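Protein chains in written order, with the numbering used here: chain A, 131 to 498; chain B, 131 to 498.
Below you can see the structure in the form of structure tokens.
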């Protein structure tokens, strides 16, 4: 086994609810299917679980994308939580995602065809309440920690709001209601998908998916996930050496940063679904607990019992540190024990993934 | 006459060279047509001209888009330059632009059809040398000031490099070689145009132009032209009241910032050409005097005679102030009298246009 291998879950499974799931909008999601992974073992109560919430393009297999957070260096290590080696880690694929839970690719029993563009509007609240159904099924009534970055962090905060009795600690990284520029960029990413000739109002077949639009959406997002300084340091104004292109010679030949983005778009379109992207980026847009509470900070956060740690990433310009800090201050104003910490990273918003090796001990220290 | 009316040029005309124009690449542009506007009157020598260089989507009609820089408040005022009421202002539409100079919409005499995608790769140097041909035709051998923002500023600097004897003062605002994030965003804007089903490799007819792609390109650019703080202040997380949409109700309904961007895309596609956009954004990418001089700062800038003022805009994240300051420092290292000043504006890169009323006296003071 090499150090680069990914730790495997103890359990990786799919749960299907025996009843339809009612969304905040009043609409119904049927079937409710949730793909999940458990690293380590639930004890008999079970009260030794922590929940990791994944971000927009993640899956339940947290060992594949956030290995340092599992507290393992090598695949042979026993996965354990950040704070306690006897705990186990659960991650549940969000509804709307194409990694196994109910999504636009799921067959709609009412029509016999994929939901496609008929997949309903969902919110972070819906995502969390669906996860709760699964935890009830598993008998998990207590979470020592709920943690995530980006829309994973939104879920973590939403857990504290929706199920205050269950949550002991919350850690959310690079998380606040999305600022206006983020709303703008999400809108343009969805526009990119819809610009693809294969879009056909969302009712495409999998083998004629709007993948060029999806790739462009991902590329726009990648620019917002990374910091300008990192792009300068990593790519500068270098030509795309890998493809031996010289941008000074023709309109189509590229700089290095363009080659990088094209590569990112290419790998993304083979692993994601355009309708899922639209549904989840919209859920990200809508996260706004104070607005949900009709403007009352007290109603939004007042009943939170968890201790909350919000972490801003210094070079994050999609969820700027000042916004994350303000979000924590709002919680404190409602009486929540909410700390704000700043994590130094050059990686921008993506720092919670790209700098996970440094983030894990930073989070562990915050929790100690 | 109201204060909002635009000052009219004394002369607005088109000049066609009687010989083909040789580009830096060795390719030939034929015909060389330049659309230009003159505000005020050239004297008999003529040695009373200043040159304004327009940015990517601008035209020769500087009175329409940079009125405060003409030193006029009302249409009834006599237009005069920043420094001297006896001077006159010339602005020349750049080659590649769809506002009257040779562009992808021009008929290629070799084929009898529009250049379209066959329009050659051009550089800021080509743009400036073409402008020089026209000034020679007009008899203008001295420019008291060459000024511009963004790729207008690139032209101003290039003027000092290419024609050191002609240029007395240079003012370039929000200008440096484009950093990596800017190269990335320009690449994605061109990708957006090419994603449009009407793109047809650039050989589209005007009435079947890739205008949805062009609109998306403009929208991406608009995000980079404005500051995140301005978007927060102006739009926040407000729904798009104007269209009475509620983003919380359906996937398609929009936030205010999305409605704004859609409007910007809509008006842009009626006034610009996709091939022009590609050609000019590529020219912007390639501006890099030190690279052109094979890495020698001395060779790049050493023969500049003009006094140069580079102005960074505090909230500009496309051409960050630090990059503009470094560009000035490179010039000073080559012995140029190059100052760096910072203009306080919340408008981001767009500050040179959106805050022009405040910028004009700031520039005048710098020139005094």
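Quick reminder that beta carbons are idealized off the backbone N, C-alpha and C, glycines included. From a predicted model like this one, the values you see are computed outputs, not experimental measurements.
Item, Value
"Residues bridged to residue 166(B) [DSSP beta-bridge criterion]", "143(B) and 222(B)"
"When 388(B), 237(B) and 326(B) are compared against residue 317(A), the one with the closest alpha-carbon", "388(B)"
"is_contact[residue 527(A), chain B] using C-beta, thresh 7 Å", "Look at the range of chain A in this structure, 131 to 498, and you will see that residue 527(A) is not part of it."
"Under 7 Å between C-beta atoms of residue 434(A) and residue 466(A)", "yes"
"Residue environment, residue 158(A), which counts as buried when at least 16 other CB atoms sit within 10 Å", "exposed"
"Length of the line joining the Cα atoms of residue 491(A) and residue 478(B)", "37 Å"
"Straight-line gap, residue 416(A) to residue 225(B) (C-alpha atoms, nearest Å)", "45 Å"
"Interface residues of the region 350-363 of chain A facing chain B [CB-CB below 7 Å]", "350, 353, 358, 361 and 362"
"Assigned secondary structure, residue 192(B) (DSSP; H/G/I helix, E/B strand, else coil)", "helix"
"Alpha-carbon to alpha-carbon, residue 182(B) and residue 269(B)", "17 Å"
"Chain A within 7 Å of residue 309(B), Cβ atoms only", "yes"
"CA nearest to the CA of residue 373(B), picked from 365(B), 367(B), 386(B) and 366(B)", "386(B)"
"Spatial distance of residue 230(B) from residue 365(A) (CA atoms)", "36 Å"
"Own chain, CB closer than 6 Å to residue 431(A), minus 5 neighbours either side, in chain order", "461, 464 and 466"
"is_contact[residue 147(B), chain A] using C-beta, thresh 7 Å", "no"
"Cβ pair count under 8 Å reaching 3, the region 395-410 of chain A against the region 318-327 of chain A", "yes"
"Beta-carbon proximity of residue 222(B) to residue 264(B), cut-off 7 Å", "yes"
"For residue 297(B), the residue or residues it bridges with in DSSP", "273(B)"
"Residues near residue 446(B) in its chain [Cβ-Cβ closer than 6 Å; skip 5 each side]", "304, 478 and 479"
"is_contact[residue 287(A), chain B] using C-beta, thresh 7 Å", "no"
"Segments assigned beta strand (DSSP E), at least 3 residues, entirely inside the region 371-411 of chain A", "none"
"Proximity test, Cβ basis, 7 Å: residue 338(A) and chain B", "no"
"Bridge-paired residues (DSSP) for residue 369(A)", "385(A)"
"Pairwise C-alpha distance: residue 191(A) and residue 308(A)", "26 Å"
"Contact set between residue 367(B) and chain A, taken where Cβ atoms lie within less than 9 Å", "307, 308, 309, 310, 313, 415, 418 and 421"
"Residue 267(A) burial status per 10 Å Cβ neighbour count (16 or more: buried)", "exposed"
"Beta-carbon contacts of residue 383(B) that lie in its chain and below 6 Å, excluding the five residues immediately before and after", "375, 376 and 377"
"CB contact check: residue 347(A) to chain B, cutoff 7 Å", "no"
"CA nearest to the CA of residue 419(B), picked from 442(B), 170(B) and 256(B)", "256(B)"
"Beta-carbon contacts of residue 295(B) that lie in its chain and below 8 Å, excluding the five residues immediately before and after", "435"
"Under 8 Å (Cβ pairs) to chain A, residues found in the region 442-453 of chain B", "447 and 450"
"Of the listed residues 279(B), 262(B), 429(B) and 140(B), nearest to residue 168(B) (C-alpha basis)", "140(B)"
"Whole-angstrom distance between residue 428(B) and residue 196(A), CA atom to CA atom", "48 Å"
"Residues sharing a beta bridge with residue 472(B), DSSP", "442(B)"
"Nearest residue (CA-CA) to residue 288(B), options 198(B), 371(B), 488(B) and 253(B)", "253(B)"
"Identity of the residue in 399(A), 439(A) and 448(A) nearest residue 353(B) by Cα", "448(A)"
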